[in-house]
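*Asks:* Below is one structure. I have some questions about it.
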Amino acid sequence: MSDERYDFVVASNRLPVDRVIDDDGTPNWRPSPGGLVTALEPVMREADGAWVGWAGQPDLELEPFDWDGIRIVPIKLTDDDLENFYEGFSNDTLWPLYHDVIAPPGYHRVWWDSYVSVNQRFANAIAAVSAPGATVWVQDYQLQLVPRMLRQARPDLTIGFFNHIPFPAYGIFSQLPWRTQIIEGLLGADVIGFQRVADAGNFSRAVRRLLGYSTKNPVIEVPARGGVPKRGVIARAFPISIDVASFEHLARSPAVQARAEQIRHDLGNPKTIMLGVDRLDYTKGIGHRLKAFGELLEDGRLKVEDITLVQVASPSRERVETYRQLRDEIELTVGRINGDYGTISHQAVSYLHHGFPREEMAALYLAADVMLVTALRDGMNLVAKEYVAARFDVDGVLVLSEFTGASDELRSALLINPHDIDGLKDAILRAVDMARPERRKRMKALRRRVRENDVNHWSQSFLRALAESRRDAGRGADDTLDDLEWTVERAPRS
Ligand code: GDG
């Protein structure tokens, strides 16, 4: 392994590139789709940084390498790690717990042990590639112990953490047998970012209840301990976003517009196309959406000749049992609705259980008169923001669950409580019947909000908070972070 050190290091469970095997059998690297890569790529290039994470295949020992100006540092995960750390503790304990126990979390000590050991592996790798006084940004719930482990090994580092999923209320969080270790793990960071103000509040309350530290929003006072002086940790909301300009650019391209027309045509040019785009996950409220739609058809308030629901359900966590069951339930419901209300020429639900290229997603957004986001709990929900960014024609209606982080910003959507099926049905009808002036007015306001806070704004405000906390902690200025701020202030606004 080389002993190069970097001033800016990002760590996430998955690397920004996936290792794939080409048709001729040679291994290759492909950028993994996703907002985080788009969000951090420009910053990484600017800062000449390193990215620590897993390459997506088990049991692979890979050397660090340079990819398009970013140092990639792969972490090996074994089959056991995948079962216990990833599918177990991350996706079957923390994920359901942090999403308000929509599904029952499993609490297993072997899963926890694996979580501790994989977090330690990440912390060791980060410590090994970080230059003296470097800035490290740790991403998401799979790595909550890393900040503390890293601070113990490298007190010279400035450490940020961002939680992409909700942080639950104390009454729920307190179920976790390892709740204190998690809180202490996170408090190793200088800045802890959350999607919503409410998430940051839940975290601060958990700190007060479990550790008795005093908090003065947004600062948590961590008292002196074992020779380490007292520190102030910032816990506050930094709502994530998307690359708005590039999404709009994509939607404006003639090929995408032509494809949107084609989609409408292929669906038989119904009066209304409704769209849902989600990972096939129980947090997304796909079942609630189908129930409301099925009842509207049953009541005769909607006619299958006039409306089609396109539901993209991209495959997700297929080795976890809860996800297998969910797939069966959703597909049974779709089959029933189509069987009961479809005709030879009109399908009620067009259900697609696969992923699509970004261009196809943009075309679907453009083709959809009504976008349904009915999550029961969602950190942010980027799909809602993508729909708005794609609608350069200032048309289309967004129906948005108030249990998404996005609903804090997108107040001009039709906000719904997905548990209230009658309310959801009324909102769907309102969206279907909405007159053009109201659609335009709402979409205009939504587009203004989405443009104000794009992903560049998100990463820069987080990094600025980190730079400030570094100065406050007396670790001096950081040229890397100061340079980044410079870049942003002078970047042309899109
Ligand atoms: C987590 C949090 C938070 C989906 N299917 C396809 C596809 N996608 C893209 C969407 C969107 C992304 O995946 C999904 O992002 P979401 O925010 O909607 O949801 P999660 O995956 O649950 O993400 C969430 C997010 O992290 C960021 O912090 O907002 O709350 O749960 O960008 O477009 N993209 C393509 N083909 C697909 O089939 N190309």
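Residue numbers (numbering that gives the first Met the number 0): 0 to 493. Ideal placement from N, C-alpha and C gives every residue a C-beta, glycine not left out. It should be emphasised that the depicted structure is a prediction, and the values quoted were computed from it without experimental measurement.
So, for VAL51: in the same chain, excluding its five sequence neighbours on each side, which residues have a beta-carbon less than 6 Å away from its beta-carbon?
*Replies:* The sequence position of residue 51 within the sequence shown is 52, counting from 1. Excluding positions up to five away in sequence, the list reads ALA10, VAL72, ALA124 and ILE125.
*Asks:* Would you mind stating whether ALA374 and SER400 have Cβ atoms separated by less than 8 Å?
*Replies:* Taking the sequence shown and counting its residues from 1, one reaches residue 374 at position 375. Taking the sequence shown and counting its residues from 1, one reaches residue 400 at position 401. Contact: yes.
*Asks:* Could you tell me which whole alpha helix (DSSP H) segments of length 4 or greater appear in the region 79–110?
*Replies:* 94–97
*Asks:* Take the Cβ of GLN346 as the centre, count every other Cβ of all protein chains shown within 10 Å, and call the residue buried at 16 or more, exposed below.
*Replies:* Taking the first residue of the sequence shown as position 1, residue 346 is located at position 347. Counting Cβ neighbours within 10 Å, GLN346 comes out buried, since at least 16 surround it.
*Asks:* Who are the near neighbours of ILE329 in its chain, counting only those whose CB is closer than 6 Å to its CB and skipping five residues on each side?
*Replies:* As a working note, residue 329 is residue 330 in the sequence shown. Excluding residues within five positions, the ones whose Cβ falls inside 6 Å are ILE285.
*Asks:* For PRO253, does the three-state DSSP call read helix, strand or coil?
*Replies:* Translated into positions along the sequence shown, residue 253 becomes position 254. In this structure, PRO253 counts as helix in the three-state DSSP scheme.
*Asks:* Using a threshold of 8 Å, state whether the C-beta atoms of PHE461 and GLY159 are closer than that.
*Replies:* Residue mapping note: residue 461 aligns to position 462 of the sequence shown, counting from 1. Residue mapping note: residue 159 aligns to position 160 of the sequence shown, counting from 1. Going by C-beta atoms, PHE461 is nearer than 8 Å to GLY159.
*Asks:* Between which two residues does the alpha helix (DSSP H) harbouring ASP394 extend?
*Replies:* As a working note, residue 394 is residue 395 in the sequence shown. Note, ASP394: premise wrong, no alpha helix (DSSP H); not H, not E.
*Asks:* Does SER493 come out as helix, strand or coil in the three-state DSSP assignment?
*Replies:* If you number the sequence shown from 1, residue 493 lands on position 494. Confidence is the limiting factor: at SER493 the pLDDT is only 27, short of 50, which leaves the residue's position unreliable and the question unanswerable from this model.
*Asks:* Give the DSSP-derived three-state secondary structure of ARG70 in the structure shown.
*Replies:* Numbered from 1 along the sequence shown, position 71 holds the residue referred to as residue 70. Correct three-state label for ARG70: strand.
*Asks:* On the three-state DSSP scale, how would you describe GLN174?
*Replies:* The count along the sequence shown starts at 1 and reaches residue 174 at position 175. Looking at GLN174 - three-state DSSP - the assignment turns out to be coil, as it is neither helix nor strand.
*Asks:* Identify the continuous alpha helix (DSSP H) that holds ILE329 and give its terminal residues.
*Replies:* Residue 329 sits at position 330 when you count from the first residue of the sequence shown. Per DSSP, the continuous alpha helix (DSSP H) segment holding ILE329 begins and ends at 320–340.
*Asks:* Three or more C-beta pairs closer than 8 Å, one from the region 167–177 and one from the region 89–108: is that the case here?
*Replies:* The answer is yes - the region 89–108 touches the region 167–177, with three or more Cβ pairs under 8 Å.
*Asks:* Do you know offhand how far ASP407's Cα is from GLY354's?
*Replies:* By one-based count along the sequence shown, residue 407 stands at place 408. By one-based count along the sequence shown, residue 354 stands at place 355. Cα-Cα distance, rounded: 28 Å.
*Asks:* SER240 lies in the beta strand (DSSP E); which residues open and close that run?
*Replies:* Here residue 240 is taken as the residue at index 241 of the sequence shown, counted from 1. Segment: none, SER240 is in no beta strand (DSSP E) and carries neither H nor E.
*Asks:* With 16 as the cutoff for other CB atoms within 10 Å, does GLU247 come out buried or exposed?
*Replies:* Numbered from its first residue, the sequence shown carries residue 247 at position 248. When all chains shown are included, GLU247 counts as buried.
*Asks:* Which same chain residues end up closer than 7 Å to ALA102 when comparing Cβ atoms and leaving out the 5 residues on each side of it in sequence?
*Replies:* Locating residue 102 in the sequence shown gives position 103, where the first residue counts as 1. So the list reads PRO95, TYR281 and THR321, once near-sequence residues are dropped.
*Asks:* Does the Cβ-Cβ distance between LEU142 and SER458 come in under 8 Å?
*Replies:* By 1-based counting over the sequence shown, the position of residue 142 is 143. By 1-based counting over the sequence shown, the position of residue 458 is 459. No.
*Asks:* If you measure between the beta carbons of ALA520 and VAL449, is that distance less than 8 Å?
*Replies:* An answer regarding residue 520 cannot be provided, because it is not within the stretch 0 to 493 covered by the chain.
*Asks:* Just reading off the alpha helix (DSSP H) that PHE202 is part of, what are its end residues?
*Replies:* In the sequence shown, residue 202 corresponds to position 203, counting from 1. Segment 196–210, the alpha helix (DSSP H) holding PHE202.
*Asks:* Hey, out of ALA223, SER313 and PRO217, whose CA is closest to ARG357's CA?
*Replies:* The residue you call residue 357 lines up with position 358 of the sequence shown. The candidate whose alpha carbon is nearest that of ARG357 is SER313.
*Asks:* Which same chain residues end up closer than 6 Å to LYS283 when comparing Cβ atoms and leaving out the 5 residues on each side of it in sequence?
*Replies:* Taking the first residue of the sequence shown as 1, we reach residue 283 at position 284. Excluding positions up to five away in sequence, the list reads ASP277 and ALA374.
*Asks:* Kindly examine the ligand GDG and report whether one of its heavy atoms sits closer than 7 Å to the Cβ of ILE499.
*Replies:* Residue 499 cannot be examined here, being either before or after the span of the chain that is shown, 0 to 493.
*Asks:* ARG278: beta carbon under 7 Å from a heavy atom of the ligand GDG?
*Replies:* Position 279 of the sequence shown holds residue 278. For ARG278, the shortest C-beta to heavy atom distance toward the ligand GDG is below 7 Å.
*Asks:* Using the C-alpha atoms, what's the distance from LEU266 back to ASN337?
*Replies:* In the sequence shown, residue 337 corresponds to position 338, counting from 1. In the sequence shown, residue 266 corresponds to position 267, counting from 1. Answer to the nearest angstrom: the Cα atoms are 14 Å apart.
*Asks:* Is it the case that the CB of ASN380 approaches a heavy atom of the ligand GDG more closely than 7 Å?
*Replies:* Here residue 380 refers to the residue found at position 381 of the sequence shown. Within the cutoff, so yes.
*Asks:* Helix, strand or coil for MET273 per DSSP?
*Replies:* Here residue 273 is taken as the residue at index 274 of the sequence shown, counted from 1. Residue state, collapsed to three classes: strand.
*Asks:* Taking DSSP's pairing of strands, which residues face PRO527 in a bridge?
*Replies:* For residue 527 there is no data in the structure shown, the boundaries of the chain being 0 and 493.
*Asks:* From LEU325 to LEU295, what distance separates their C-alpha atoms?
*Replies:* Within the sequence shown, residue 325 is the residue found at index 326, counting from 1. Within the sequence shown, residue 295 is the residue found at index 296, counting from 1. Roughly 23 Å between the two C-alpha positions.
*Asks:* Going by beta carbon distance, what residues of the same chain come within less than 6 Å of PHE292, once the five residues before and after it are set aside?
*Replies:* Start at 1 with the first residue of the sequence shown, and residue 292 comes out as number 293. So the qualifying residues of the chain are LEU308.
*Asks:* At which residues does the alpha helix (DSSP H) containing PRO165 begin and terminate?
*Replies:* For the purposes of this step, residue 165 is taken as the residue at position 166 of the sequence shown. Boundaries cannot be given for PRO165, as no alpha helix (DSSP H) includes it and DSSP labels it neither H nor E.
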